[in-house]
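Single-structure report; data block below.
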Amino acid sequence: MAARTILLADHALARRIEAAWDRVGVENARSALRRRPDCGAEILAVGEGHAVYLGAGSPLSQAQGIGLNGPVAESDVARMEAFFLDRATPCQIEVASTADPSFPTLLSARGFAILELTHMLALPLAGWTPPDRPGEGAGPEIVVERVEADRIEAWVDVVLGGFFDGDEPPAALREGAIAMAMVQGVTAWQAKVDGRPAGGASLLVIDGLGLMAGDGTLAEFRGRGVQTALLSARLAHARDAGCDLAVTCTQPATGSQRNAERLGFQIVYARAMLTRG
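Residue numbers (full-length UniProt numbering): 1 to 277.
Below is the structure:
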(Lines of atoms letter the chains of each structure in order from A; the text may use other names.)
(Lines give C-alpha, C1' and ligand atoms only; values in the text may rest on other atoms or scores of the structure.)
Protein backbone atom coordinates (compact mmCIF):
# COMPACT_ATOMS: atom_id res chain seq x y z
CA MET A 1 0.00 0.00 0.00
CA ALA A 2 1.28 3.49 -0.83
CA ALA A 3 2.30 5.93 1.87
CA ARG A 4 -0.76 7.19 3.70
CA THR A 5 -2.14 10.57 2.65
CA ILE A 6 -3.44 12.63 5.56
CA LEU A 7 -6.96 13.80 4.79
CA LEU A 8 -7.95 17.10 6.38
CA ALA A 9 -11.60 16.92 7.41
CA ASP A 10 -13.75 20.02 7.05
CA HIS A 11 -17.36 21.08 6.54
CA ALA A 12 -17.04 21.08 2.75
CA LEU A 13 -15.92 17.45 2.76
CA ALA A 14 -18.77 16.46 5.09
CA ARG A 15 -21.30 18.25 2.89
CA ARG A 16 -19.97 16.42 -0.17
CA ILE A 17 -20.19 13.03 1.51
CA GLU A 18 -23.60 13.65 3.07
CA ALA A 19 -24.99 14.85 -0.27
CA ALA A 20 -23.82 11.60 -1.86
CA TRP A 21 -25.46 9.41 0.78
CA ASP A 22 -28.63 11.49 0.49
CA ARG A 23 -28.64 10.89 -3.26
CA VAL A 24 -28.25 7.16 -2.63
CA GLY A 25 -31.42 7.17 -0.54
CA VAL A 26 -33.37 9.06 -3.20
CA GLU A 27 -32.15 6.82 -6.03
CA ASN A 28 -32.94 3.74 -3.95
CA ALA A 29 -36.57 4.86 -3.60
CA ARG A 30 -36.81 5.55 -7.33
CA SER A 31 -35.33 2.14 -8.10
CA ALA A 32 -37.82 0.48 -5.74
CA LEU A 33 -40.69 2.19 -7.57
CA ARG A 34 -39.37 1.04 -10.95
CA ARG A 35 -39.08 -2.49 -9.65
CA ARG A 36 -42.48 -2.51 -7.95
CA PRO A 37 -44.69 0.54 -8.59
CA ASP A 38 -47.02 -0.55 -5.77
CA CYS A 39 -44.24 -0.75 -3.14
CA GLY A 40 -45.26 2.56 -1.57
CA ALA A 41 -41.82 4.17 -1.67
CA GLU A 42 -41.96 7.96 -1.32
CA ILE A 43 -39.54 10.90 -1.21
CA LEU A 44 -39.91 14.19 0.67
CA ALA A 45 -37.50 17.07 -0.04
CA VAL A 46 -36.42 18.84 3.16
CA GLY A 47 -33.99 21.73 2.83
CA GLU A 48 -30.90 20.43 1.08
CA GLY A 49 -31.71 16.81 1.97
CA HIS A 50 -34.54 14.30 1.78
CA ALA A 51 -36.70 11.97 3.81
CA VAL A 52 -37.22 8.61 2.13
CA TYR A 53 -39.83 5.96 2.91
CA LEU A 54 -39.07 2.45 1.67
CA GLY A 55 -41.77 0.44 3.36
CA ALA A 56 -42.86 -0.49 6.87
CA GLY A 57 -40.09 -2.15 8.85
CA SER A 58 -37.27 -0.98 6.60
CA PRO A 59 -34.33 0.64 8.41
CA LEU A 60 -33.60 2.32 5.07
CA SER A 61 -36.61 4.60 5.70
CA GLN A 62 -34.86 7.71 7.02
CA ALA A 63 -33.94 11.33 6.44
CA GLN A 64 -30.41 12.60 5.79
CA GLY A 65 -28.37 15.38 4.25
CA ILE A 66 -30.11 17.99 6.42
CA GLY A 67 -28.79 20.85 8.57
CA LEU A 68 -25.39 21.14 6.91
CA ASN A 69 -25.84 24.70 5.68
CA GLY A 70 -27.41 26.35 8.71
CA PRO A 71 -30.33 25.98 11.14
CA VAL A 72 -33.27 23.73 10.30
CA ALA A 73 -36.76 25.18 10.63
CA GLU A 74 -38.99 23.50 13.20
CA SER A 75 -41.67 23.31 10.53
CA ASP A 76 -39.35 21.12 8.44
CA VAL A 77 -38.87 18.75 11.37
CA ALA A 78 -42.65 18.62 11.81
CA ARG A 79 -43.03 17.74 8.12
CA MET A 80 -40.57 14.87 8.48
CA GLU A 81 -42.35 13.60 11.57
CA ALA A 82 -45.69 13.60 9.77
CA PHE A 83 -44.16 11.99 6.67
CA PHE A 84 -42.95 8.96 8.63
CA LEU A 85 -45.44 8.71 11.49
CA ASP A 86 -48.41 8.92 9.11
CA ARG A 87 -46.96 5.78 7.50
CA ALA A 88 -46.65 4.00 10.86
CA THR A 89 -42.87 4.25 10.66
CA PRO A 90 -40.49 5.79 13.22
CA CYS A 91 -39.04 9.13 12.16
CA GLN A 92 -35.31 8.44 11.80
CA ILE A 93 -32.95 11.30 10.97
CA GLU A 94 -29.21 10.99 10.34
CA VAL A 95 -27.42 14.00 11.84
CA ALA A 96 -23.78 14.64 10.95
CA SER A 97 -21.49 16.01 13.66
CA THR A 98 -20.81 18.91 11.28
CA ALA A 99 -24.49 19.89 11.12
CA ASP A 100 -25.65 23.18 12.62
CA PRO A 101 -25.50 22.71 16.44
CA SER A 102 -29.09 23.88 16.79
CA PHE A 103 -30.36 20.89 14.80
CA PRO A 104 -29.78 18.10 17.37
CA THR A 105 -30.94 20.48 20.10
CA LEU A 106 -34.21 21.02 18.25
CA LEU A 107 -34.68 17.29 17.71
CA SER A 108 -34.03 16.58 21.39
CA ALA A 109 -36.62 19.18 22.40
CA ARG A 110 -39.17 17.40 20.20
CA GLY A 111 -38.57 14.05 21.85
CA PHE A 112 -35.98 12.49 19.59
CA ALA A 113 -33.41 10.12 21.10
CA ILE A 114 -30.16 8.66 19.79
CA LEU A 115 -30.63 5.26 18.19
CA GLU A 116 -27.14 4.71 16.76
CA LEU A 117 -23.74 6.37 16.54
CA THR A 118 -21.43 5.85 13.57
CA HIS A 119 -18.13 7.08 12.18
CA MET A 120 -17.68 8.25 8.61
CA LEU A 121 -14.27 7.29 7.25
CA ALA A 122 -12.58 8.32 4.01
CA LEU A 123 -9.52 7.31 2.01
CA PRO A 124 -7.84 9.30 -0.81
CA LEU A 125 -7.46 6.99 -3.81
CA ALA A 126 -4.68 8.80 -5.68
CA GLY A 127 -1.75 6.40 -5.66
CA TRP A 128 -3.58 3.83 -3.54
CA THR A 129 -2.49 0.23 -4.04
CA PRO A 130 -3.84 -2.89 -2.32
CA PRO A 131 -1.87 -4.46 0.53
CA ASP A 132 0.37 -7.44 -0.17
CA ARG A 133 -2.05 -9.63 1.78
CA PRO A 134 -5.83 -9.11 1.96
CA GLY A 135 -5.66 -8.96 5.75
CA GLU A 136 -4.96 -10.92 8.90
CA GLY A 137 -6.05 -14.51 8.69
CA ALA A 138 -6.96 -14.24 5.03
CA GLY A 139 -5.47 -16.55 2.46
CA PRO A 140 -5.55 -17.13 -1.26
CA GLU A 141 -8.76 -19.16 -0.85
CA ILE A 142 -10.75 -15.89 -0.69
CA VAL A 143 -11.99 -14.97 -4.17
CA VAL A 144 -13.88 -11.70 -4.72
CA GLU A 145 -16.01 -11.26 -7.83
CA ARG A 146 -18.64 -8.92 -9.18
CA VAL A 147 -22.21 -10.16 -9.11
CA GLU A 148 -24.28 -9.97 -12.28
CA ALA A 149 -27.91 -8.83 -12.35
CA ASP A 150 -29.35 -12.35 -12.61
CA ARG A 151 -27.73 -13.29 -9.27
CA ILE A 152 -28.63 -10.18 -7.27
CA GLU A 153 -31.37 -11.74 -5.15
CA ALA A 154 -29.13 -14.63 -4.05
CA TRP A 155 -26.37 -12.11 -3.31
CA VAL A 156 -28.74 -10.01 -1.16
CA ASP A 157 -29.59 -13.11 0.87
CA VAL A 158 -25.88 -13.68 1.55
CA VAL A 159 -25.32 -10.05 2.58
CA LEU A 160 -28.35 -9.98 4.89
CA GLY A 161 -27.34 -13.35 6.28
CA GLY A 162 -24.22 -11.61 7.56
CA PHE A 163 -26.38 -9.25 9.62
CA PHE A 164 -29.22 -11.50 10.81
CA ASP A 165 -27.32 -14.75 11.53
CA GLY A 166 -30.10 -17.12 10.51
CA ASP A 167 -33.04 -14.90 11.45
CA GLU A 168 -35.43 -13.70 8.75
CA PRO A 169 -34.72 -10.09 7.71
CA PRO A 170 -37.67 -7.71 7.27
CA ALA A 171 -39.21 -8.14 3.82
CA ALA A 172 -39.03 -4.38 3.22
CA LEU A 173 -35.29 -4.40 3.93
CA ARG A 174 -34.70 -7.24 1.47
CA GLU A 175 -36.70 -5.44 -1.21
CA GLY A 176 -34.80 -2.22 -0.49
CA ALA A 177 -31.46 -3.99 -0.80
CA ILE A 178 -32.44 -5.51 -4.15
CA ALA A 179 -33.59 -2.11 -5.40
CA MET A 180 -30.33 -0.53 -4.22
CA ALA A 181 -28.30 -3.01 -6.25
CA MET A 182 -30.18 -1.92 -9.37
CA VAL A 183 -29.34 1.78 -9.01
CA GLN A 184 -27.11 3.17 -11.75
CA GLY A 185 -23.51 3.35 -10.53
CA VAL A 186 -23.90 0.50 -8.03
CA THR A 187 -21.94 -2.73 -8.30
CA ALA A 188 -22.44 -5.82 -6.15
CA TRP A 189 -19.52 -7.89 -4.90
CA GLN A 190 -19.30 -11.37 -3.40
CA ALA A 191 -16.50 -13.12 -1.57
CA LYS A 192 -16.15 -16.89 -1.74
CA VAL A 193 -14.05 -19.16 0.47
CA ASP A 194 -13.24 -22.53 -1.10
CA GLY A 195 -15.97 -21.84 -3.63
CA ARG A 196 -18.64 -21.15 -1.01
CA PRO A 197 -20.36 -17.75 -0.61
CA ALA A 198 -18.88 -16.13 2.49
CA GLY A 199 -19.98 -12.51 2.31
CA GLY A 200 -20.95 -9.63 0.12
CA ALA A 201 -20.94 -5.86 -0.18
CA SER A 202 -21.69 -3.06 -2.62
CA LEU A 203 -19.91 -0.09 -4.16
CA LEU A 204 -21.74 3.08 -5.14
CA VAL A 205 -19.86 5.43 -7.48
CA ILE A 206 -21.37 8.92 -7.15
CA ASP A 207 -19.81 12.26 -8.09
CA GLY A 208 -16.24 11.02 -7.75
CA LEU A 209 -16.87 9.22 -4.47
CA GLY A 210 -16.70 5.46 -4.02
CA LEU A 211 -19.20 4.68 -1.27
CA MET A 212 -18.63 1.32 0.41
CA ALA A 213 -21.85 -0.12 1.82
CA GLY A 214 -23.65 -3.23 2.96
CA ASP A 215 -20.64 -5.26 4.08
CA GLY A 216 -21.92 -8.56 5.47
CA THR A 217 -19.94 -11.70 6.32
CA LEU A 218 -21.60 -15.01 7.20
CA ALA A 219 -20.85 -16.06 10.78
CA GLU A 220 -18.79 -19.15 9.94
CA PHE A 221 -16.38 -17.10 7.81
CA ARG A 222 -15.74 -14.19 10.16
CA GLY A 223 -12.20 -13.44 11.26
CA ARG A 224 -10.72 -14.78 8.02
CA GLY A 225 -10.22 -11.54 6.11
CA VAL A 226 -13.42 -11.61 4.06
CA GLN A 227 -14.38 -8.00 4.72
CA THR A 228 -10.85 -6.77 4.04
CA ALA A 229 -10.80 -8.66 0.74
CA LEU A 230 -14.15 -7.10 -0.22
CA LEU A 231 -12.89 -3.63 0.69
CA SER A 232 -9.67 -4.07 -1.29
CA ALA A 233 -11.48 -5.21 -4.43
CA ARG A 234 -13.92 -2.29 -4.29
CA LEU A 235 -11.18 0.24 -3.58
CA ALA A 236 -9.31 -0.89 -6.69
CA HIS A 237 -12.51 -0.66 -8.75
CA ALA A 238 -13.38 2.81 -7.39
CA ARG A 239 -9.86 4.05 -8.13
CA ASP A 240 -9.99 2.68 -11.68
CA ALA A 241 -13.45 4.25 -12.13
CA GLY A 242 -11.93 7.68 -11.49
CA CYS A 243 -13.03 8.24 -7.89
CA ASP A 244 -10.75 10.51 -5.89
CA LEU A 245 -12.09 9.39 -2.51
CA ALA A 246 -13.50 6.21 -0.97
CA VAL A 247 -15.96 6.45 1.91
CA THR A 248 -17.33 3.94 4.40
CA CYS A 249 -19.49 4.18 7.51
CA THR A 250 -18.98 1.95 10.56
CA GLN A 251 -20.02 1.73 14.17
CA PRO A 252 -17.31 3.09 16.49
CA ALA A 253 -14.41 0.89 17.62
CA THR A 254 -15.65 -2.20 15.79
CA GLY A 255 -13.87 -4.79 13.70
CA SER A 256 -15.30 -3.10 10.62
CA GLN A 257 -13.71 0.21 11.61
CA ARG A 258 -10.36 -1.46 12.29
CA ASN A 259 -10.45 -3.29 8.96
CA ALA A 260 -11.02 0.02 7.19
CA GLU A 261 -8.29 1.80 9.14
CA ARG A 262 -5.77 -0.93 8.30
CA LEU A 263 -6.35 -0.11 4.63
CA GLY A 264 -5.76 3.60 5.19
CA PHE A 265 -9.24 4.96 5.96
CA GLN A 266 -9.44 7.69 8.58
CA ILE A 267 -12.36 9.16 10.50
CA VAL A 268 -13.53 12.46 9.01
CA TYR A 269 -16.69 13.04 11.07
CA ALA A 270 -19.36 11.22 13.07
CA ARG A 271 -23.08 10.68 12.71
CA ALA A 272 -25.96 10.14 15.10
CA MET A 273 -29.21 8.50 14.06
CA LEU A 274 -31.96 10.19 16.05
CA THR A 275 -35.41 8.66 16.19
CA ARG A 276 -38.89 9.39 17.43
CA GLY A 277 -41.92 7.12 17.42
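C-beta atoms are modelled at their ideal positions from N, C-alpha and C, and glycine is treated no differently.
Quick caveat: nothing in here was measured; it's all calculated off a predicted structure.
Local conformation of residue i per DSSP, three classes
i: I142; result: strand
i: V247; result: strand
i: T105; result: helix
i: E74; result: helix
i: V158; result: helix
i: E42; result: strand
i: S202; result: strand
i: residue 278; result: Since the displayed the chain opens at 1 and closes at 277, residue 278 lies outside it and no answer follows.
i: E148; result: coil
i: A122; result: strand
i: R271; result: strand
i: I17; result: helix
i: L231; result: helix
Expected contact under 8 angstroms - CB spacing of residue i and residue j to nearest Å
i: G200; j: Q190; result: 5 angstroms
i: C249; j: V205; result: With a Cβ gap of about 16 angstroms, C249 and V205 do not count as contacting.
i: R276; j: G65; result: 19 angstroms between Cβ atoms; not a contact.
i: L7; j: Q266; result: 6 angstroms
i: Q62; j: V46; result: Going by Cβ atoms, the distance from Q62 to V46 rounds to 12 angstroms, so no, they are not a contact pair.
Counted within 10 angstroms of its Cβ, other Cβ atoms place residue i as buried (16 or more) or exposed
i: H50; result: buried
i: D215; result: buried
i: E27; result: buried
i: residue 289; result: A question about residue 289 goes unanswered here, because the residues of the chain that appear run from 1 up to 277.
i: R34; result: exposed
i: P124; result: buried
i: I17; result: buried
8 angstroms Cβ cutoff, residue i in contact with chain D
i: Q266; result: Absent from the structure is chain D; it holds one protein chain and no more.
Closest residue to residue i among the options (Cα-Cα distance)
i: S31; options: P252, A177, P197 and V193; result: A177
i: R222; options: D100, V26, L33 and I142; result: I142
i: D76; options: T98, S61, L107 and L160; result: L107
i: A82; options: I43, E168 and R35; result: I43
i: P104; options: P71, A126 and H119; result: P71
i: G225; options: E168, P252, R262 and M212; result: R262
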